[in-house]
């Protein structure tokens, strides 16, 4: 029951735009070290190598970064790569390769780390028919890249930004004590868009069910409480088709405890904000 656009591919123009931004930040056209050593064009070969087992993400980034080189892509996005395996080979001017190396590695190491983590966790949720959802807890400036990595790993993209859906969370509700009345009023102002309300108490769940919201976010409920709450929602006349999402305090270690019958999705900010980059090197021959 995927509700939002899925970013399984990165737009080429977007990659080009972001790479230009990142290369400018690193001032690659004034690479003092490379300019001092190589005063003229010198052709060389280089290879990206995985230094650990990983799920690769970033094929198009390599292609667009080294557009002026000959590239052989050995791995595709989503491929399982083993330690020591080559990901891509490049042949071209050593100056172009050296000055772009760090930016490209930073990106593909991070995206592959996200894809690797998601791929591992989605094995826990998929056998229960539950979507593993990302969040907006992404690195500023890298959201599309990171949501792409989640999709590559087999996860499901949640809303991309604040305009993607209406989501009433605790800080909104602190000024809206009457959830039923507030939701009924707001729903009349928007049409054809996902309308989700967060609940952290059973009383709030009752109000949300009466309101006709299209999805409910059960936040910070303990696993032992959730079975009864989810069952209550599904037995309610307006709860049979409502999207039930769980969030809050869910870790890699506890994820399986939240994979309950009747749950549609589990969102984890840690998919993107708590990730250690995987080890990929660029070795020049």
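Residue numbers (my numbering): 520 to 804. Quick reminder that beta carbons are idealized off the backbone N, C-alpha and C, glycines included. These numbers come from a predicted model, not from an experiment.
Look up residue i in the DSSP assignment and give the residues it is bridged to.
i: residue 564; result: 610
i: residue 589; result: 610
i: residue 715; result: 686, 734
i: residue 788; result: Bridge partners of residue 788: none, in fact.
i: residue 651; result: 785
i: residue 600; result: 573
i: residue 552; result: According to DSSP, residue 552 bridges with nothing at all.
Throw me the rounded Cβ distance for the residue i and residue j pair, which I believe falls under 8 Å.
i: residue 644; j: residue 672; result: Not quite, the Cβ-Cβ distance comes to about 12 Å (not below 8 Å), so this is no contact.
i: residue 779; j: residue 745; result: 6 Å
i: residue 764; j: residue 786; result: 6 Å
i: residue 702; j: residue 669; result: No, residue 702 and residue 669 are not in contact; Cβ-Cβ is about 29 Å, not under 8 Å.
i: residue 657; j: residue 617; result: Contact flag wrong, Cβ pair sits at about 29 Å.
i: residue 612; j: residue 562; result: 6 Å
i: residue 604; j: residue 796; result: Not quite, the Cβ-Cβ distance comes to about 18 Å (not below 8 Å), so this is no contact.
i: residue 704; j: residue 732; result: Contact flag wrong, Cβ pair sits at about 13 Å.
i: residue 751; j: residue 724; result: 7 Å
i: residue 784; j: residue 762; result: 7 Å
So, is residue i buried or exposed, given that buried needs 16 or more other C-beta atoms within 10 angstroms?
i: residue 622; result: buried
i: residue 681; result: exposed
i: residue 660; result: exposed
i: residue 777; result: buried
i: residue 726; result: buried
i: residue 759; result: exposed
i: residue 730; result: buried
i: residue 782; result: buried
i: residue 650; result: buried
i: residue 734; result: buried
i: residue 578; result: buried
i: residue 768; result: exposed
Since residue i is in the beta strand (DSSP E), which residue starts that stretch and which ends it?
i: residue 687; result: 685-687
i: residue 806; result: In the structure as shown, the chain begins at 520 and stops at 804. Residue 806 is therefore absent and cannot be evaluated.
i: residue 738; result: 734-738
i: residue 764; result: 762-766
Go to residue i, then tell me how far its alpha helix (DSSP H) extends in each direction, as first and last residue.
i: residue 746; result: 742-754
i: residue 544; result: 531-544
i: residue 581; result: 578-584
i: residue 559; result: Where residue 559 is concerned, there is no enclosing alpha helix (DSSP H), given that its DSSP letter is neither H nor E.
i: residue 666; result: 662-671
Worksheet item: Is there contact between the stretch 563-575 and the stretch 606-619, where contact requires at least three CB pairs shorter than 8 Å?
Response: yes
Worksheet item: Counting Cβ pairs, one atom from each stretch, are 3 or more of them under 8 Å apart for the stretch 686-695 and the stretch 654-670?
Response: no
Fill in: the stretch 528-539 touching the stretch 579-590, judged by at least three CB pairs closer than 8 Å
yes
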